[in-house]
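Visitor: Chains as they are written, first to last, in my numbering: chain W, 9 to 122; chain D, 132 to 246.
C-beta: ideal position from N, C-alpha, C; glycine also.
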Amino acid sequence: GAGVSQSPRYKVAKRGQDVALRCDPISGHVSLFWYQQALGQGPEFLTYFQNEAQLDKSGLPSDRFFAERPEGSVSTLKIQRTQQEDSAVYLCASSHPGNSYEQYFGPGTRLTVT
Amino acid sequence: AQKVTQAQTEISVVEKEDVTLDCVYETRDTTYYLFWYKQPPSGELVFLIRRNSFDEQNEISGRYSWNFQKSTSSFNFTITASQVVDSAVYFCALSGNTGGFKTIFGAGTRLFVKA
């Protein structure tokens, strides 16, 4: 079936603007993860959902970052009052029920804050 | 704390050479999983392999092989007879039972395979 999709693929925001990044997980995958990948670095964990419940948000860097998954499917990562240090690729991943260690990643959204 | 170290930032080889990508990890968890992912220029992370901490058996999949050694906390990845299409950034990653499903990634190794 279709893989994880993310939109938009590229986003340019002026400093101070709010942005919303969308993730459509693989159908039937109950677990969904968000990661932030700065240029030249490995992905860093932001937050994790199981269905609609946000079970771990320890990686969110500040209270400007907010994620939701209200119906247990599509998720949105929102960044308020963007700063230049928020520039990164934001990766979404989902995993099959009973096997949350094997995560399937989307293509990412590249956010550039100018 | 959990940590993954990939000491090789970049490796350049000529096609058909064998190449080994090193990965050293740190964890206090008794149960953990190790992963390798490939990130081609398109940017998407592609899952390659998962090993759990109780299974030290080495694995071979086509031209890919993995050597897991708990004694040295290493999980190295070898590509045999490399091809240009293997050019990508490769990430080693770790997930432990006390960290939930949070995955800790290394900084990655960029592999260039020249024709």
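1) My understanding is that serine 213 (chain D) touches glutamate 148 (chain D), with C-beta atoms under 8 Å, so please give their C-beta distance in whole angstroms.
2) So who's on the other strand from cysteine 100 (chain W), going by DSSP bridges?
3) Check the Cβ-Cβ distances between glutamine 111 (chain W) and every residue of chain D, and say whether any is below 8 Å.
4) Which of helix, strand or coil does DSSP assign to aspartate 217 (chain D)?
5) Classify leucine 63 (chain W): buried if its beta carbon has 16 or more other beta carbons within 10 angstroms, exposed otherwise.
6) For asparagine 107 (chain W), name the three-state secondary structure that DSSP assigns.
7) For tyrosine 109 (chain W) and serine 226 (chain D), which I take to be in contact (beta-carbon distance under 8 Å), what is that distance rounded to the nearest angstrom?
8) Any idea which residues DSSP pairs isoleucine 272 (chain D) with across the strands?
9) Identify the contact partners of tyrosine 164 (chain D) in chain W, using a Cβ-Cβ distance below 8 Å as the criterion.
Guide: A quick look at the data gives this:
1) Sequence index remark: in the second sequence, residue 213 (chain D) carries index 82 (1-based). Sequence index remark: in the second sequence, residue 148 (chain D) carries index 17 (1-based). The Cβ separation is near 6 Å, so the contact holds.
2) On the first sequence, residue 100 (chain W) is found 92 positions in, with the first residue counted as 1. BP columns for cysteine 100 (chain W) point to W:Trp42.
3) Within the first sequence, the letter at position 103 stands for residue 111 (chain W). Chain D, which has a Cβ nearer than 8 Å to the Cβ of glutamine 111 (chain W), makes this yes.
4) As a first step, residue 217 (chain D) must be located in the second sequence, where it is residue number 86. In the structure shown, aspartate 217 (chain D) sits in a helix (DSSP, three-state: H, G or I).
5) The sequence position of residue 63 (chain W) within the first sequence is 55, counting from 1. The residue in question, leucine 63 (chain W), is exposed, as its Cβ has fewer than 16 Cβ neighbours within 10 Å.
6) For the purposes of this step, residue 107 (chain W) is taken as the residue at position 99 of the first sequence. Residue state, collapsed to three classes: coil.
7) As a working mapping, residue 109 (chain W) is identified with position 101 in the first sequence. As a working mapping, residue 226 (chain D) is identified with position 95 in the second sequence. Contact flag correct, Cβ pair sits at about 6 Å.
8) Because chain D in this structure spans residues 132 to 246, residue 272 (chain D) falls outside the shown range and cannot be described.
9) On the second sequence, position 33 is the one that residue 164 (chain D) refers to. Chain W residues near tyrosine 164 (chain D): Tyr109.
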